[in-house]
Structure formats: C-alpha cells, structure tokens
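A.B. asks:
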Amino acid sequence: MTGHGAQLHTAGSVSGSDLVRKHAFDVYLAPARRSGDKTISINVGVVHRALALNNRVPLVCAALTSRKFLTGNHLRLVSKTGPPSGQSTTVTYTYELLEQEKENKQLGRQDAWNRLRGALKDVFAELGGGENYLRNERANFYGPGKDR
C-alpha cells in the first residue's frame, strides 16, 4: 500500500475509519458548509482512490454511514445509489447538511434518553451490577415461607 493506506496498519495511528471521515470532512463537508450548500454527495470510489486504499471499500462505506460521521458532522443521509449490496466503488451517498439548531434539538432528545437510561446505574453498581441484582432477585423470589 502507498500513501495514507499504509497508515491503516501502523500501531497508534489514526484508524482507517477516522481517516475516511477526516478526508470527507476536509474535502466535502467544510467547503460545502462554507458555500452554504444544503446537500452534498460523496462517491465511495473517489474517496477510496484519493486515500490510496487497497480493497477497503467496506471500510469506506461503513465510515461514511456511521453514526459518528453523521452526528459529528450534523448530517442526515438522504439517499444511497449503487448496487443492492451497498459495497461498491459505484456507491454514492447524498447527505443533507443540517442546521446546528435542528441538530441540537435532536441531540437534546437523545441526551435526555441517555440520562434516563443511566438513572439507576449507580444503584445497580452498589448492588454488584444489573445482572447480579437480577440473579439475587430471582434466587430470593420464593424465599423461605413463601408459596410457590
């Protein structure tokens, strides 16, 4: 491999997915936001060639559709063209560039859900974890003197 592709296998380097996401941001997203575009399209094959990758098409596809890429860049995937497998250099993703305010509202809902999900985390930790709590509850459900 040559170019950026060689970095995929060196210890402590940026991951291949992060490399793809950074390239997409630098080459597509930042210029589109500066020019006020509402949508952009990114072709998997163009990214794959630009990064001099070798047989890493699935990695490029995964990186360009990951939650990290979409939420981190305030994007909504609106369409995907290409073969049904979705793993080809002919795949092109089209994204809507969301406004910060709209994205923040969506993230606020997600944060509220995450706070609610973690509400009993400390309680379960004190009891040895959720699985341990459930195991003890099941074991003591029919305690001494309780009918079965």
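Just so we're aligned, residue 0 is where the sequence shown starts under numbering that gives the first Met the number 0, counting upward by one. Beta carbons are placed, not taken as given, at the ideal position from N, Cα and C, and that holds for glycine.
Mapping the DSSP letters down to three states, classify K37 as helix, strand or coil.
C.D. replies: If DSSP states are grouped into helix, strand and coil, K37 belongs with coil.
A.B. asks: Extract the residue ranges of the alpha helix (DSSP H) inside the segment 12-65, only unbroken runs of 4 or more that lie entirely within it.
C.D. replies: You should have 15-23, 29-33, 43-49 and 56-64.
A.B. asks: Between V77 and chain D, is there a C-beta pair that is closer than 7 Å?
C.D. replies: Of the protein chains in the structure, only one exists, and it is not chain D.
A.B. asks: So, using beta-carbon positions, are V19 and V59 closer together than 7 Å?
C.D. replies: A contact, by the Cβ cut-off of 7 Å.
A.B. asks: To the nearest whole angstrom, what separates the beta carbons of L74 and E95, a pair I think is in contact under 8 Å?
C.D. replies: That belief holds up - the Cβ atoms of L74 and E95 are roughly 7 Å apart, short of 8 Å.
A.B. asks: Please go through the same chain and pick out, in chain order, the residues whose beta-carbon is closer than 7 Å to the beta-carbon of L76, but skip the five residues on each side of it.
C.D. replies: Contacts found: T64, L69, Y92 and Y94.
A.B. asks: Under DSSP, the alpha helix (DSSP H) around E130 begins and ends at which residues?
C.D. replies: Residues G129 to A138.
A.B. asks: Can you name, in chain order, every residue of its own chain whose Cβ lies under 7 Å from the Cβ of A62, other than the five neighbours on each side?
C.D. replies: Excluding sequence neighbours, A62 sits near S16, V19, R20 and F68.
A.B. asks: What did DSSP end up calling E98 once you bin it into helix, strand or coil?
C.D. replies: Three-state DSSP puts E98 in coil, outside helix and strand.
A.B. asks: So V46 and V90 are supposed to be a Cβ contact under 8 Å. How far apart are they, rounded?
C.D. replies: About 10 Å; that fails the 8 Å criterion.
A.B. asks: So for T173, helix, strand or coil by DSSP?
C.D. replies: This structure leaves residue 173 out entirely; the chain is present only between 0 and 147.
A.B. asks: Nearest-angstrom Cα distance between A5 and R32?
C.D. replies: Annotation note: pLDDT 40 at A5 (below 50); position unreliable, coordinate value reported separately. Each residue's alpha carbon lies about 30 Å from the other.
A.B. asks: Based on Cα-Cα distance, which residue from S40, Q86 and N139 lies nearest to N54?
C.D. replies: Taking only the C-alpha atoms, the option nearest N54 is Q86.
A.B. asks: If we ignore side chains and look at the alpha-carbon of each, how far apart do R48 and R137 end up?
C.D. replies: Roughly 56 Å separates the two Cα atoms.
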